[in-house]
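Chemist:
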Amino acid sequence: GIQNTIAKLPSNISRLIYISSTGVYSQSNGEWVDEESTCEPQRPGGVACLEAERFLQQSRFSDRLVILRLAGIYGPERIPRMASIQKGEPISSPRHGYINLIHVDDAVQAVAAAGQYKKTPATFVIGDDEPVIRSDYFGFVAKKLNAPSVSFSEPEADSHVVSRAMADKRIRNSRMRMELGIDLKYPTYREGITAILESH
Numbered sequence: 125g126i127q128n129t130i131a132k133l134p135s136n137i138s139r140l141i142y143i144s145s146t147g148v149y150s151q152s153n154g155e156w157v158d159e160e161s162t163c164e165p166q167r168p169g170g171v172a173c174l175e176a177e178r179f180l181q182q183s184r185f186s187d188r189l190v191i192l193r194l195a196g197i198y199g200p201e202r203i204p205r206m207a208s209i210q211k212g213e214p215i216s217s218p219r220h221g222y223i224n225l226i227h228v229d230d231a232v233q234a235v236a237a238a239g240q241y242k243k244t245p246a247t248f249v250i251g252d253d254e255p256v257i258r259s260d261y262f263g264f265v266a267k268k269l270n271a272p273s274v275s276f277s278e279p280e281a282d283s284h285v286v287s288r289a290m291a292d293k294r295i296r297n298s299r300m301r302m303e304l305g306i307d308l309k310y311p312t313y314r315e316g317i318t319a320i321l322e323s324h
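Read in our numbering, the sequence shown has 169 at position 45, and its numbers run on one by one without any break.
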């Protein structure tokens, strides 16, 4: 695990960047969240990320630590639910609630900027400029694919989709923009999805 990895690192590294997740937040009423918001993860992945963050904050590298809490990454070959949309299959998810995204190119840009960041330790939320309602996102992808209108089905009560969908939050990326100086190549899902599909 992360303990073994940290134990093997040389002491003279200048920066330690941990890629965490916005899954550490569990807000469920469409609230805006940022680096100062309460973290009470409900899903195993979010719990593991928060535990790793706290371990690193107590490690010998704590003074050189930059934590990046990434929103959902998308990019070429990684458009959420694209196959289902193309086939006209119902999306097993509530239609309402916000999703937060970041194009892989912009995620890489954030990691590179974190490597140069001087005011450590630091934590940043990494997401694009526009959290989007699920139905709007899937509808946009369907339109771009000339696919049928998207329909939704209720997920199984005990499925991971339900626990994921219960989180309904909007990521505020102000600190990322101001302190890391990130100029997003794809400020919203519209530019990102359009560029991906036009390149194919």
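C-beta atoms are modelled at their ideal positions from N, C-alpha and C, and glycine is treated no differently.
(1) Indicate the three-state DSSP secondary structure (helix, strand or coil) for Val148 in the structure shown.
(2) Since Phe179 is in the beta strand (DSSP E), which residue starts that stretch and which ends it?
(3) Which residues does DSSP list as the beta-bridge partners of Gly125?
(4) Helix, strand or coil, according to DSSP, for Tyr241 in the structure here?
(5) For the segment 261 to 279 and the segment 137 to 146, state whether three or more C-beta atom pairs, one from each stretch, are separated by less than 8 Å.
(6) Looking at the unbroken beta strand (DSSP E) that takes in Lys293, where does it start and where does it end?
(7) Does DSSP put Val249 in a helix, a strand or coil?
(8) Identify every residue that forms a DSSP beta bridge with Glu155.
(9) If we call anything under 8 Å between Cβ atoms a contact, is Phe262 one with Ile317?
(10) According to the neighbour-count rule (16 or more other Cβ atoms, all chains shown, within 10 Å of its Cβ), is Lys293 buried or exposed?
(11) Pick from His227, Thr162, Tyr222 and Ala246: whose alpha carbon is nearest that of Ile257?
(12) Count the C-beta pairs between the segment 209 to 216 and the segment 166 to 176 that are closer than 8 Å, then say yes if the count reaches three, no if not.
(13) How about the segment 293 to 313 and the segment 171 to 185: do they share at least three Cβ pairs that are nearer than 8 Å?
(14) Hey, out of Glu322, Gln181, Glu159 and Asn153, whose CA is closest to Pro245's CA?
(15) Using the three-state DSSP reduction, which class does Arg301 fall into: helix, strand or coil?
(16) CA-CA distance, Pro165 and Val249?
(17) Can you find the residues in the same chain that come closer than 7 Å, C-beta to C-beta, to Ala271, ignoring five residues on each side of it along the sequence?
(18) Would you kindly work out how many angstroms separate the C-alpha atoms of Val232 and Leu225, rounded to a whole number?
Modeler: By the coordinates alone:
(1) Note: Val148 maps to helix in three-state DSSP.
(2) Unbroken run through Phe179 is the alpha helix (DSSP H), Pro168 to Gln181; no beta strand (DSSP E).
(3) DSSP lists no partner for Gly125.
(4) Correct three-state label for Tyr241: coil.
(5) With the cut-off at 8 Å, the segment 261 to 279 and the segment 137 to 146 do not touch.
(6) Judged by DSSP secondary structure, Lys293 falls within the beta strand (DSSP E) whose first and last residues are Lys293 to Ile295.
(7) Residue state, collapsed to three classes: strand.
(8) The partner list for Glu155 (beta bridge, DSSP) reads Lys293.
(9) With respect to the 8 Å criterion, Phe262 and Ile317 are not classified as neighbours on the basis of their beta carbons.
(10) Buried is the call here.
(11) It is Tyr222.
(12) Contact annotation: the segment 209 to 216 does not touch the segment 166 to 176, with fewer than three C-beta pairs closer than 8 Å.
(13) Under the 8 Å Cβ criterion, the segment 293 to 313 does not count as touching the segment 171 to 185, having fewer than three qualifying pairs.
(14) It is Gln181 whose Cα lies nearest to the Cα of Pro245.
(15) It is helical.
(16) CA-to-CA, the gap between Pro165 and Val249 works out to about 15 Å.
(17) The answer, listed in chain order, is Ile209, Gln210 and Gly212.
(18) Taking the straight line from one Cα to the other gives about 14 Å.
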